[in-house]
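Position 196 (the sequence shown) corresponds to 182 in this note's numbering; numbering is contiguous. Using N, Cα and C, we set each Cβ at its ideal position, and we do this for glycine too. Since the model is a prediction, treat every value here as computed from it, not as a measurement. Right, one structure below, let's go through it.
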Amino acid sequence: MEKRYDAIIVGAGMAGIYAVYHLRRLGLSLRCFEAGSSVGGTWYWNRYPGARVDIESMEYSFAFSDEIQQEWNWSERYAGQAELSRYFEFVTDRFDLRRDMQFNTRVEGAHYDAESNDWLVMTSDGARHRARYCLMTTGLLSAPNKPDIKGLANFKGAVYHTGLWPKEPVDFFGQRVGVIGTGSSAVQAIPLIAEQARELTVFQRTPAYAVPLRNHPMPEEYQLRVKAEYAEWRRKERYESFGGWVAVDYQPVEPVTGSALAVSPAERMALYEQRWRNGGLAFYNVYPDVYTDLAANNTLAEFIRGKIRERVKDPAKAALLTPDYPILMKRLIADTNYYETYNKDHVQLVDVSKHPIECITETGVRVKGAVHECDSLVLATGYDAMTGALTRMDIRGKNGETIADHWAQGARTHLGLLCAGFPNLFIIDAAGSPSVVFQPVFVMEEQINWVGECIQNLEASGHATIEATRAAEDAWSAECERALHATLFPTVNSWYVGANIEGKSHAGLIYLGGMPEYRRWCAEEAAGGYPGCVLGKREAIALS
Ligand code: N01
């Protein structure tokens, strides 16, 4: 029998948790389906060695509840995966959210039924469910990208993807391990795998920019101080920061203004050295023209390149590990002993930039005719970001069009929230949203608040449906494009611009116009009575 709810929520990561909390408070009946056996999303699946947040724990956490902020104590400056999982479990249980959640249940499809104006949601247990509203809290980096490398299926050893890591600890002790990829996941995992492996071979296509994380136990005095001042920290993070976080040297800092090229080299170096000593992602908050001007960007890139050369002893390895493209245009990585790991004799670096991996054999990875023997392989090859979680599901709108078809030439959305032809389908922290450059916690809290208000407005005004117009989608795509091309982001191949997935368009994937602008667009849309949308009347629907 089909069960009917007011809203179905897909995914119980941080956005799913907040969606259940918020929509339940609005009085909606709910069901949240989650493929994993518990909550946490990214922090549930990414159990690879070294998985850890790189925005300070005090800031990378839910802001919607001061009870949670006061009750939870973080043990490290940057929490690891296990602690983050415990945190999400704590929040879920604290508000008794599990009773609206169903685990070990993957949503395989969602079809809009134009007769009833319901979403018909099909789950992996063979059941069908109905709901008026469907929220896709499926995550921006949750559809693992398994590279199409010839022979992968023939490999006789174990193969792991960082984003689908087993629950049981993996023991690489005494093994020859190959790691493919050098993005954030690999950079976190490599130093720890190297501690166990007999031999570690890293296959690098593009070198990363990594800076020290400088993690350590949480200073108790700092935790108490932030808790006492949380309201003010959150205000600054949300409204006065560059990326949704503000701590540098344990104090909230203002965004830097002015050009990197307008100050003396000594002044610039002093700022960069301070960011370096602080650790983590503090480099995102430097002169704003590093995002838009190649010469300004190069001042920072050259500073970090110099640090890489200092950290790697072998000049040949250092040269291979030093990027030559603009910094911050691929995600900056915060590392713990990454470059130092290459100073170990049992760690080899294989450059596959000009000569790609030819194939995987039964016993290893072949590059330029030579097989690098491995007992286990780690695919740290990233995600079909922003869109993959949705395009891999069978989502069909009112005319039967799939979301994959709708997005075939680019991710068409209105404000990263709604799509034309998909009434009452809300997408969160995904295509067309600013979540890649602003704390995703804040983006999703604000998007879900917007959705809650939208649902209340629909109900109050006697409307049953809302969907974006094609014109609004065109306008948002154009705005995303304008903001993207005002930066250096399109000059570098990254998942931000879809370059890691063959044939994927960059259009509409990310919004780089900044959170204040994004907030203004969303507020105007709601205040103006949803001019970018078509609203369906309840009576009209009943008659049709
Ligand atoms: O994935 P990636 P990730 N042959 O796409 C390489 C977040 N995150 O999982 O650069 C050889 O960054 C690919 O090479 P190239 C964070 O936002 C955060 O590491 O495409 N190599 C690249 O080196 C991050 O940006 C944390 O040339 C191949 C790597 O695989 C995002 O998640 C931790 C290949 C993929 O890097 C994704 O990070 C982890 C092939 N066929 C993740 N195919 C925190 O610290 C791909 N590659 C919070």
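- Closest in alpha carbon position to PHE158, among ARG184, SER170, LEU495, is ARG184.
- Secondary structure at GLY125: coil, using DSSP grouped into helix, strand and coil.
- Annotation: the continuous alpha helix (DSSP H) that includes LYS222 extends over 216 to 226.
- Assigned with DSSP and collapsed to three states, TRP507 falls in helix.
- The three-state secondary structure of MET379, taken from DSSP, is coil.
- Per DSSP, the unbroken alpha helix (DSSP H) holding ARG72 starts and ends at 67 to 80.
- In this structure, DSSP gives PRO309 a state outside helix and strand, which the three-state scheme calls coil.
- At a cut-off of 7 angstroms, the beta-carbon of PHE141 does not count as near the ligand N01: no heavy atom of the ligand is closer than that.
- In this structure, the beta-carbon distance from LEU267 to ILE41 falls below 8 angstroms.
- It is roughly 5 angstroms from the alpha-carbon of THR455 to the alpha-carbon of CYS519.
- Around MET315, the same chain offers LEU474, PHE475, THR477, VAL478, SER480 as residues with beta carbons nearer than 7 angstroms, after the five sequence neighbours per side are excluded.
- Beta bridge pairing from DSSP links GLN190 with ASP337.
- No heavy atom of the ligand N01 is found nearer than 7 angstroms to the CB of ARG10.
- Taking a contact as a CB-CB distance under 8 angstroms, the pair LEU401 and GLU511 counts as one, their CB atoms being some 6 angstroms apart.
- The beta carbon of ASN90 is closer than 6 angstroms to those of SER23 in its chain, skipping five residues each way along the sequence.
- Secondary structure note for VAL6: its alpha helix (DSSP H) is the uninterrupted segment 0 to 11.
- The three-state secondary structure of TYR369, taken from DSSP, is strand.
- Contact fails between the stretch 332 to 341 and the stretch 141 to 157, because fewer than three Cβ pairs, one in each stretch, are under 8 angstroms apart.
- Taken atom to atom, the span from the alpha-carbon of ALA117 to that of ILE(-6) is near 6 angstroms.
- The alpha-carbon separation between VAL6 and HIS471 amounts to approximately 36 angstroms.
- At least one heavy atom of the ligand N01 sits closer than 7 angstroms to the Cβ of GLN174.
- Your pair GLY522 and TRP462 does not check out as a contact, with CB atoms roughly 21 angstroms apart and the cut at 8 angstroms.
- In this structure, VAL93 is the residue among VAL93, TYR119, ASN103 with its C-alpha nearest to the C-alpha of GLY112.
- Note that the stretch 78 to 88 does not touch the stretch 365 to 375; fewer than 3 beta-carbon pairs, one per stretch, sit closer than 8 angstroms.
- Fewer than three pairs of CB atoms, one per stretch, sit closer than 8 angstroms, so the stretch 170 to 178 makes no contact with the stretch 202 to 211.
- One thing to note: LEU403 has its Cβ within 8 angstroms of the Cβ of GLN433.
- Distance from ALA194 to GLY230 at the Cβ level is roughly 22 angstroms; contact not present, criterion being Cβ atoms closer than 8 angstroms.
- Burial check for MET44: the Cβ neighbour count within 10 Å reaches 16 or more, so the residue is buried.
- At a cut-off of 4 residues, the continuous stretches assigned as alpha helix (DSSP H) that sit fully inside the stretch 21 to 67 are 28 to 31, 52 to 57.
- 8 angstroms or more divides the Cβ of TYR208 from the Cβ of GLY244.
- Using a 10 angstroms sphere on the CB of GLN161, the tally of other CB atoms reaches 16 or more, which defines it as buried.
- Rounded to the nearest angstrom, the gap between the Cα atoms of ALA21 and GLN425 is 24 angstroms.
- Leaving aside the five residues that flank LYS213 on each side, the residues in its chain whose CB is nearer than 7 angstroms to its CB run, in chain order, GLN55, GLN56.
- Counting the other CB atoms within 10 Å of its CB gives ARG382 a total of 16 or more, which places it among the buried residues.
- In this structure, LEU127 has its CB closer than 7 angstroms to one or more heavy atoms of the ligand N01.
- If the five residues before and after LYS354 are omitted, its C-beta is found closer than 6 angstroms to the C-beta atoms of HIS341, all from its own chain and listed in chain order.
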